[in-house]
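What follows is a single structure, written as structure tokens, with notes after it.
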Amino acid sequence: MDEDDIITIENLKPGQKFTLDMGLREVIFTKLEEPKKFTMEDWFDDEVEIYIMEDKIEEDEPLHYAFENMTLEEGLKKNEGKFGKNLIMYDFIGRVVEGIEMEEEEEEEEAEEEQEQEQEQEQEQKQEQEQEQEAKAETNTEIKKQEQKKEEVKAEVAKNSENNDTAK
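This note's numbering numbers the first residue of the sequence shown as 401 and each following residue consecutively.
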């Protein structure tokens, strides 16, 4: 949130939430991927997806929204001569934003920390797997060396046996 209780729409990240006091109700918004697109809760019976027309949300200022993407000017033009349910763009029954409350950033930080912990665990698992593979490779090398020694001993025994047989 910017200074003086102003939210700049383009600075919001997808998933970020804020609540606006619109006089009648507190309305919860969640930023979606598409620019200016949000889910809006607690204004209608069901959650809806809307586009906010303004670039900034400020206390004591009106706020407009529509169900399709357009500019504020386009919405005003499309609304000319229309009333009630025929409107294309809406303004919270003419009410201004009476209060702004951003969702605590702690939740975002917690999500980032969880993600970092998961990455650390993945790295630890990779290191463990690499160590296991190295240990297996060393074990295989040791086994080969032992087998080679056995062959050498067998060859030596066979040679000694031949020498003993020849000496007899």
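The beta-carbon is built from N, C-alpha and C at its ideal position, and this holds for glycine as well.
The structure displayed is predicted, hence computed values, not measured ones.
Using a Cβ-Cβ cut-off of 6 Å (strictly less than) and excluding sequence neighbours within five positions of residue i, which residues of its own chain qualify?
i	result
L487	N479
M401	Confidence is the limiting factor: at M401 the pLDDT is only 49, short of 50, which leaves the residue's position unreliable, though a coordinate-based value still follows. So the qualifying residues of the chain are I407, M502.
K371	Since the first residue of the chain shown is 401 and the last is 568, residue 371 is not available in this structure.
T419	E426, I428, E501
Of the choices the options, whose alpha-carbon is the least far from that of residue i?
i	options	result
D421	K477, V496, E503	V496
L432	F444, E410, R425, L424	E410
P435	I450, D446, K544	I450
K485	E474, F467, L472	F467
E459	E528, I500, K549, E552	I500
L472	E454, K482, F483, G481	E454
Kindly indicate the opening and closing residues of the beta strand (DSSP E) around residue i.
i	result
L420	417–421
K456	456–458
V427	426–431
I406	406–408
G494	Looking at the DSSP string, G494 is not in any beta strand (DSSP E), and its letter there is neither H nor E.
E501	499–502
F438	437–441
I452	448–452
Flag residue i as yes if its beta-carbon sits less than 8 Å from any beta-carbon of chain B, otherwise no.
i	result
I409	Included in the structure is just one protein chain, with no chain B present.
Over what stretch of residues does the alpha helix (DSSP H) that includes residue i continue unbroken?
i	result
Q478	Gln is not the amino acid found at residue 478; the sequence shown has Lys there. That run of the alpha helix (DSSP H) goes 472–479.
Please go through the same chain and pick out, in chain order, the residues whose beta-carbon is closer than 7 Å to the beta-carbon of residue i, but skip the five residues on each side of it.
i	result
E530	none
F492	M422, L463
K417	I428, F429, T430, E503
Less than 8 Å between the C-beta atoms of residue i and residue j, yes or no?
i	j	result
G415	T439	no
V427	D442	yes
Y465	I452	yes
Excluding the 5 residues preceding and the 5 following residue i in the sequence, name in chain order all residues of the same chain whose CB lies nearer than 8 Å to its CB.
i	result
Q525	none
E516	none
Y490	H464, Y465, A466
G475	M453, H464, A466, I488, M489
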